[in-house]
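Worksheet for the structure shown next.
Right, here's the structure in full:
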């Protein structure tokens with residue numbers, strides 16, 4: 005029996021902070037469109053917040069700190085002007101065959117996967133999270149060459165494990181989703197994407213009528229958090245809090261990390277437009293990100309039973325309310341740009 009042809013596309017791996025914006029930036033670099041991860045995240049309108057007590061992941065309320073999986077790629081491709089081939093498949097056999105076919109024409113491929121089925125990751129990161137993006141850039145025997153933006157260097161993954169990661173069961177299953185860049189413009193101009201990305205984030209964070217989304221959602225979470233110890237008991241409260249911190253600090257860099265990325269985007273945009281307002285908003289959002297990190301520190305100590313005298317659900321709720329106030333001011337100012 006003849007084995008599959010070995011393929012190793014010349015693909016530059018770059019470690020990034022967040023998986024989808026990192027994968028999109030790396031795929032764009034490969035096709036001759038040099039762009040930073042922060043610029044991709046900003047143009048893609050990646051910053052978001054939602055607390056959904058009526059939805060669950062791992063049996064606990066869902067907290068989201070970024071836009072829906074795939075939305076960054078969709079918005080950036082539209083604004084920059086490149087086309088994307090994107091597919092899902094009925095079963096893993098078809099999905100893996102399509103991956104092989106793309107590699108055969110020297111096309112690096114972005115995949116949506118679950119962290120739980122990727123054996124090359126540390127055990128602490130291998131939990132059920134189905135929106136992790138990576139790039140496959142080659143094949144060697146039954147193994148695949150992986151550029152995972154979470155890691156400092158490329159890795160190799162067995163085909164069976166990769167297929168499993170593409171088809172884990174449960175809510176938000178990737179269903180074999182794969183994508184790659186097709187037609188690319190001769191010249192990329194980013195100012196349109198910057199304006200569109202800023203407008204989208206400000207609208208989602210300030211103008212949604214739903215109380216559990218945007219800055220209203222941050223306040224909504226704070227109000228509920230205050231009542232958890234009494235209403236739910238300390239054990240259940242700690243479980244929910246642990247889930248929130250995991251989503252914030254371990255999955256895609258979460259609350260603080262996404263704000264640091266967005267602050268970097270605003271600073272880069274300030275240089276492109278030579279605009280002080282954007283630079284000032286970048287600095288203030290960095291300060292807000294520090295407050296999110298402070299919240300995560302208290303939550304971590306409570307969950308690990310190392311809480312000090314000042315570590316309480318009341319204090320965490322107050323920090324979240326302060327974060328909401330700070331972000332409201334930043335987004336309101338951004339809405340005046342360009343003005």
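Residue numbers (my numbering): 5 to 343.
Just so it is clear, CB atoms sit at the ideal spot from N, CA and C, and this is done for glycine as well.
None of these values were measured; they are calculated from a predicted model.
DSSP lists 117 as the bridge partner or partners of residue 136.
Its chain contains 32 as the residues whose beta carbon lies nearer than 8 angstroms to that of residue 38, once the 5 sequence neighbours on both sides are disregarded; these appear in chain order.
About 6 angstroms separates the CB atoms of residue 27 and residue 153; that is less than 8 angstroms, so the two are in contact. Under DSSP, residue 91 takes part in a beta bridge, and its partners are 182. Inter-residue distance for residue 60 and residue 81 is about 31 angstroms (C-alpha atoms, whole angstroms). Cβ atoms of residue 139 and residue 151 come within 8 angstroms of each other, at about 4 angstroms. DSSP places residue 147 in no alpha helix (DSSP H) but in the uninterrupted beta strand (DSSP E) bounded by 147-151. Rounded to whole angstroms, the Cβ separation of residue 206 and residue 339 is 5 angstroms, and the two are in contact under 8 angstroms.
In the DSSP annotation of this structure, the continuous segment of the alpha helix (DSSP H) that includes residue 81 starts and ends at 75-84.
A buried status is given to residue 178, since no fewer than 16 other beta-carbon atoms sit within 10 Å of its beta-carbon. Burial check for residue 225: the Cβ neighbour count within 10 Å reaches 16 or more, so the residue is buried. Taking residue 85 as the centre and dropping the five residues before and after it, the same chain places the C-beta of 189 closer than 7 angstroms to its C-beta, in chain order. For residue 320 and residue 42, the gap between their C-alpha atoms comes out near 28 angstroms. In the three-state reduction of the DSSP assignment, residue 141 falls in the strand class, which pools E and B. In its chain, beyond the 5 residues on either side, 22, 25, 76, 265, 266, 269 have a beta carbon closer than 7 angstroms to the beta carbon of residue 45.
Here the C-alpha atom of residue 211 lies approximately 44 angstroms from the C-alpha atom of residue 101.
Remark: three or more beta-carbon pairs, one from each stretch, lie closer than 8 angstroms, so the segment 301-311 and the segment 227-246 are flagged as touching. Minimum Cα-Cα distance from residue 74 among the listed residues 53, 48, 87 corresponds to 48. Bounds of the beta strand (DSSP E) holding residue 54 are 51-61.
Bridge pairing for residue 233: absent [DSSP].
When secondary structure is reduced to three states using DSSP, residue 43 falls in the helix class. Linking residue 171 to residue 279 through their CA atoms gives a straight-line distance of about 46 angstroms. Exposure of residue 126 is indicated by the presence of fewer than 16 other C-beta atoms within 10 angstroms of its C-beta.
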